[in-house]
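To convert a position in the sequence shown, counted from 1, into full-length UniProt numbering, add 472. Where is the CB? At the ideal position from N, CA and C, for every residue including glycine. If you're wondering where the values come from, they're calculated on a predicted model, not measured in any experiment.
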Amino acid sequence: KAKGIGKRAFLRYADAMDGDIRRRANLIGALRRAIERGELSLVYQPELLLADGRFGAVEALLRWNSPEYGNVTPDEFIPLAEESGTIVQIGEWVLHEACRTLAAWQRAGVDRRLKVSVNVSALQLLRSDLPGAVEAALRDSGLAASALELELTESVLMGNAEVASERLHAFRRLGVSIAVDDFGTGYSSLAYLHRLPINTLKIDKAFIDGLATPDDHEDATITATIIAMARTLGLQVVAEGVETEGQLAFLEQSACDIAQGYWISRPLPEDACLDFLLRAQARAGTRLDPGTAPA
Ligand code: C2E
Ligand code: MG
Ligand code: MG
Ligand code: MG
């Protein structure tokens with residue numbers, strides 16, 4: 473009898489496994505066609521410069537709306553795109569789309585100091601043609617290299633140290649900025665990262681979550697320490713995932729440079745983000761550069 477139950481449980485388990493594997497295979501197939509079918513889009517999340525209240529950048533974040541599977545989250549489909557290699561084509565699409573969008577926003581009057589930040593995955597970084605792809609996206613859109621930032625996670629940089637160093641120097645030669653994403657979750661030392669041409673550290677949301685909660689002093693200490701060390705090394709610091717006023721106040725006190733998170737703004741579709749940025753500029757009384765206003 474016990475044997476029978478074990479077998480039934482196993483079959484249920486095998487069934488679930490089977491369903492999971494089938495979903496993954498189906499999603500991978502659907503992802504291959506997603507670009508040409510126009511199912512991918514980007515949303516943009518503003519990053520606030522705490523010293524002057526201006527938005528210094530927007531992070532481009534990928535969205536996939538599939539007719540068969542609905543909205544699939546990046547946390548599910550990015551790993552599948554990596555495993556299947558599709559991330560290379562998708563990543564190129566993201567680069568072109570992000571650069572095209574910011575160039576269009578600039579023509580609509582957005583401050584030329586605003587950057588767009590694009591996430592780059594491990595497989596993309598490994599490819600020797602990535603700097604060429606970045607250059608092509610800049611050329612096709614007419615966007616200045618100084619308006620583009622690339623985000624690489626700490627673990628991607630650590631896992632591919634030699635190649636990473638080569639690519640980062642190529643980006644530096646192009647004039648593109650580099651941010652280390654999800655900082656603090658890997659095992660890198662700032663001493664190692666400091667040898668790479670990096671401009672910005674993005675402190676992972678996991679640490680920000682613990683800020684301004686009275687019983688948790690550890691995350692606050694770690695965050696303040698990262699900010700202070702980054703400052704010493706001449707790096708800019710972004711806090712990711714800022715969700716409360718209390719967290720923002722802590723970051724301001726700790727002299728953090730930039731804040732990103734739902735408290736400041738959710739990621740927004742292209743038109744809504746343009747609107748958001750233009751309104752913020754108008755409030756700040758930011759003067760438009762002559763000739764950049766819409767005709
Ligand atoms: P990430 O690059 O660390 O992006 C930050 C994630 O945190 C985004 O999730 C963003 O929507 C979310 N977020 C921002 N502020 C808050 C907040 O206050 N609270 C909470 N709970 N979440 C917040 P999203 O858009 O789901 O993307 C998840 C991850 O997928 C990204 O993490 C990035 O690693 C990857 N990803 C997204 N777009 C791309 C892309 O175009 N290419 C590549 N290679 N990866 C991407
Ligand atoms: Mg990112
Ligand atoms: Mg991040
Ligand atoms: Mg992340």
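Distance cut-off 8 Å: residue i Cβ against heavy atoms of ligand 2
i, result
"Asp-676", "no"
"Asn-671", "no"
"Glu-531", "yes"
"Asn-537", "no"
"Ser-589", "yes"
C-beta atoms of residue i and residue j nearer than 9 Å
i, j, result
"Val-606", "Leu-668", "no"
"Val-714", "Ile-698", "no"
"residue 771", "Leu-567", "The requested residue 771 does not occur in the structure, where the chain is confined to residues 473 to 767."
"Glu-623", "Val-652", "yes"
"Ala-506", "Ser-556", "no"
"Gln-578", "Leu-740", "no"
"Leu-533", "Val-515", "yes"
"Ala-700", "Ala-727", "yes"
"Leu-602", "Thr-558", "no"
"Lys-674", "Glu-724", "no"
"Gln-732", "Asp-583", "no"
"residue 768", "Val-530", "The chain is shown from 473 up to 767; residue 768 falls before or after that span and cannot be answered."
"Ala-594", "Asn-632", "yes"
"Leu-707", "Ala-580", "no"
"Arg-644", "Leu-615", "no"
"Ser-627", "Asp-654", "yes"
"Arg-535", "Pro-551", "no"
Contact with chain C by residue i, beta-carbon distance below 9 Å
i, result
"Gln-596", "Within the model displayed, chain C is absent; a lone protein chain is all it includes."
Check: residue i C-beta below 8 Å from any heavy atom of ligand 1
i, result
"Ser-513", "no"
"Leu-520", "no"
"Ile-698", "no"
"Asp-691", "no"
"Pro-739", "yes"
"Ser-593", "yes"
"Gly-563", "yes"
"residue 457", "Residue 457 is absent from the structure shown; the chain starts at 473 and stops at 767."
"Gly-658", "no"
"Leu-534", "yes"
"Gln-596", "yes"
"Thr-558", "no"
"Thr-704", "no"
Beta-carbon separation (whole angstroms), residue i vs residue j, contact threshold 8 Å
i, j, result
"Leu-597", "Phe-549", "Their Cβ separation, rounded to whole angstroms, is 19 Å, which puts Leu-597 and Phe-549 out of contact at 8 Å."
"Ala-570", "Ile-562", "Actually they do not touch by this definition, with Cβ atoms about 12 Å apart."
"Ser-589", "Glu-621", "4 Å"
"Leu-574", "Ala-619", "6 Å"
"Ile-730", "Gly-528", "6 Å"
"Thr-672", "Ser-649", "7 Å"
"Gln-719", "Ile-680", "6 Å"
"Met-630", "Gly-658", "6 Å"
"Phe-748", "Ser-737", "7 Å"
"His-666", "Leu-705", "5 Å"
"Ala-756", "Gly-525", "6 Å"
"Leu-512", "Trp-565", "7 Å"
Residue i: CB within 8 Å of a non-hydrogen atom of ligand 3
i, result
"Glu-621", "no"
"Glu-712", "yes"
"Asp-654", "yes"
"Thr-695", "no"
"Thr-685", "no"
"Thr-573", "no"
"Thr-625", "yes"
Pick out the complete alpha helix (DSSP H) segments inside the segment 516-591, 4 residues or longer, and give them in chain order. 546-556, 559-579
With a floor of 4 residues, list each alpha helix (DSSP H) that falls wholly inside the segment 657-739, ordered by position along the chain. 662-665, 677-681, 690-704, 717-725
- Task: Ignoring anything shorter than 4 residues or poking outside the segment 585-644, list the alpha helix (DSSP H) runs there in chain order.
- Result: 594-598, 602-613, 626-631
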